[in-house]
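Novice: Residue numbers (this note's numbering): 2 to 154. Could you have a look at this structure, given as structure tokens, before my questions?
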Amino acid sequence: MAGKVYHSRVLLGRHQAREILDGAFALARGQAMPPLTVVVLDGGGHPVAVEREDGCAPLRFPVASGKAYAALGNGAASGVIGERNAERPAFLASVAAASGGRSVPVAGGVLVLDDDQCVIGAVGVSGASSAEDERAAIAGIEAAGLAWGLEPE
Numbered sequence: 002m003a004g005k006v007y008h009s010r011v012l013l014g015r016h017q018a019r020e021i022l023d024g025a026f027a028l029a030r031g032q033a034m035p036p037l038t039v040v041v042l043d044g045g046g047h048p049v050a051v052e053r054e055d056g057c058a059p060l061r062f063p064v065a066s067g068k069a070y071a072a073l074g075n076g077a078a079s080g081v082i083g084e085r086n087a088e089r090p091a092f093l094a095s096v097a098a099a100s101g102g103r104s105v106p107v108a109g110g111v112l113v114l115d116d117d118q119c120v121i122g123a124v125g126v127s128g129a130s131s132a133e134d135e136r137a138a139i140a141g142i143e144a145a146g147l148a149w150g151l152e153p154e
């Protein structure tokens with residue numbers, strides 16, 4: 002059986018991730034937002050697709066990635082995590098340390114859900130205001146025909 006390997010189960014594929022990027026950028030261009038960077042992570046926190054528009058500052062990628070990772074790691078949108086814990090700076094600092102500095106609890110990171118409302122990935126956007134970043138992430142997820150979540154009901 003030389004040469005054969007088992008395949009991993011892909012729940013958020015490259016094609017869907019590309020659709021998320023395209024949908025986020027379409028909204029941003031339609032609303033004349035500043036240039037964006039969009040990161041799509043799978044359920045394990047690994048990048049599936051990443052793209053930045055011309056004119057983005059160099060830190061936009063780690064910020065967008067951190068927003069997606071904060072959402073994925075905590076089970077709620079990155080902005081929700083930041084708002085819920087605004088009065089708990091020690092908690093936010095602990096999460097930042099536990100994540101190796103990868104968690105950015107600011108709006109713009111949104112969960113991608115399957116039909117059973119289980120997390121299969123996350124999208125992080127950086128470049129515009131936090132509210133605009135979040136809207137672009139949601140627009141991208143919807144453009145891919147997927148469900149999104151900010152926080153459990």
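We put the beta carbon where it would ideally sit given N, CA and C, even for glycine.
Quick one: give me the first and last residue of the alpha helix (DSSP H) that G31 is part of.
Specialist: From DSSP, the alpha helix (DSSP H) with G31 extends over 15-31.
Novice: With D43 as the anchor, note down where its beta strand (DSSP E) starts and where it stops.
Specialist: From DSSP, the beta strand (DSSP E) with D43 extends over 38-43.
Novice: Distance check for P90 and G46, CA to CA, integer angstroms please.
Specialist: Rounded to the nearest angstrom, the two C-alpha atoms are 24 Å apart.
Novice: Compute the beta-carbon to beta-carbon distance between D43 and V49, rounded to the nearest angstrom, for a pair I have assumed lies under 8 Å.
Specialist: That pair is a contact at about 5 Å.
Novice: Contact between the stretch 17-32 and the stretch 102-112: three or more CB pairs below 8 Å?
Specialist: Output reads no: the stretch 102-112 does not touch the stretch 17-32.
Novice: Tell me which residue opens and which closes the beta strand (DSSP E) that P48 is part of.
Specialist: Here the beta strand (DSSP E) through P48 covers 48-53.
Novice: How would you write the range of the alpha helix (DSSP H) that G150 sits in, first residue to last?
Specialist: Where G150 is concerned, there is no enclosing alpha helix (DSSP H), although the beta strand (DSSP E) it sits in stretches over 148-150.
Novice: Along the chain, where does the beta strand (DSSP E) that runs through V6 open and close?
Specialist: It is not in any beta strand (DSSP E) - V6 carries neither H nor E in the DSSP assignment.
Novice: Indicate the three-state DSSP secondary structure (helix, strand or coil) for A132 in the structure shown.
Specialist: Helix, per DSSP.
Novice: Check for me: the alpha helix (DSSP H) holding A109 runs from which residue to which?
Specialist: Before going on, a small fix: residue 109 reads as Gly here, not Ala. First-last for G109: undefined, no H or E at that position.
Novice: Per DSSP, A123 forms a beta bridge with which residues?
Specialist: For A123, which the question treats as bridged, DSSP gives the partners L42, L112.
Novice: Suppose you measure from the CA of L20 to the CA of V40; what does that come to, to the nearest Å?
Specialist: Checking the displayed sequence, the identity of residue 20 turns out to be Glu instead of Leu. Spanning the two alpha carbons is a distance of roughly 12 Å.
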